[in-house]
Amino acid sequence: IPHDVEGRFLSSRVRLIPASPGTGVVAGGTVRSILEMAGITDCLTKCYGSTTTMNTLKAVFDGFEKLRTREQIAELRGVEIASTDIEERVDRGRRFMPSQSGEKMRAPVNTIGQDRRGGGGRPQRRRRQDDRGPQQSQEQSGGSEGSGDQGGQEKESSS
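Per our numbering, the very first residue in the sequence shown carries number 186; after that it's consecutive.
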């Protein structure tokens, strides 16, 4: 974004601050998703007042409506505007950016533990025989007590 801007909606205020290249989007969940969908890659944000999702969303869009390019401001004022500190930082950052992109330029991806689901990082607990379900414990003991099948067979044999 070219300059600081503050969007407001009801009691929510969202401040969007330009950041140096490579900083990324520093924002909460609602604001981050909007900025990433808008294609903004480097921005700092701060929410003041109410942080209700809908109010924050509308405050961000109000801030977007207040954004102006340097050319628009120069035209409104009728004067030539020199480059800003933010634009100079962006230009300096571009000198250090790689000129090529591709497979070699991708960052490493951590794949450790992705085959597991849940568990919260705890080691898996070994199950004892007593911890198995009631059906499994009856099958192992031979089903001598409390089995519904044997009770039915006794009734049939007595009739």
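Where is the CB? At the ideal position from N, CA and C, for every residue including glycine.
What residues in its chain sit with their C-beta under 7 angstroms from that of residue i, if we drop five residues either side in the sequence?
{"i": "Phe194", "result": "Asn240, Lys243, Ala244 and Asp247"}
{"i": "Leu220", "result": "Val210, Ala212 and Cys228"}
Could you compute how far the alpha carbon of residue i sits from the alpha carbon of residue j?
{"i": "Arg253", "j": "Gly224", "result": "17 angstroms"}
{"i": "Ser332", "j": "Val294", "result": "In this prediction, Ser332 scores a pLDDT of 49, lower than 50, which makes its location untrustworthy; the coordinate-derived value is nonetheless stated afterwards. The alpha-carbon atoms of Ser332 and Val294 are separated by roughly 54 angstroms."}
{"i": "Arg277", "j": "Ala204", "result": "13 angstroms"}
{"i": "His188", "j": "Leu201", "result": "8 angstroms"}
{"i": "Ser235", "j": "Gln257", "result": "32 angstroms"}
{"i": "Gly214", "j": "Leu261", "result": "35 angstroms"}
{"i": "Ser268", "j": "Ser218", "result": "29 angstroms"}
{"i": "Ile186", "j": "Arg274", "result": "12 angstroms"}
{"i": "Ala259", "j": "Ser196", "result": "32 angstroms"}
On the criterion of 16 or more Cβ atoms from any shown chain inside 10 Å, does residue i qualify as buried, or is it exposed?
{"i": "Gly263", "result": "exposed"}
{"i": "Thr296", "result": "exposed"}
Can you check which of these residues, the options, is closest to residue i by C-alpha distance?
{"i": "Gly192", "options": "Glu250, Ile258 and Asp270", "result": "Glu250"}
{"i": "Arg280", "options": "Pro206, Ser197, Ser196 and Gly213", "result": "Pro206"}
{"i": "Arg198", "options": "Glu221, Thr238, Val275 and Ile186", "result": "Thr238"}
Check the C-beta distance from residue i over to residue j and give it rounded, since I have them as a contact under 8 angstroms.
{"i": "Arg255", "j": "Ile271", "result": "Contact flag wrong, Cβ pair sits at about 10 angstroms."}
{"i": "Gly209", "j": "Thr230", "result": "11 angstroms between Cβ atoms; not a contact."}
{"i": "Val216", "j": "Cys232", "result": "7 angstroms"}
Leaving out five residues before and five after residue i in sequence, what residues of the same chain have Cβ atoms less than 6 angstroms from its Cβ?
{"i": "Val190", "result": "Leu201, Gly248, Lys251 and Leu252"}
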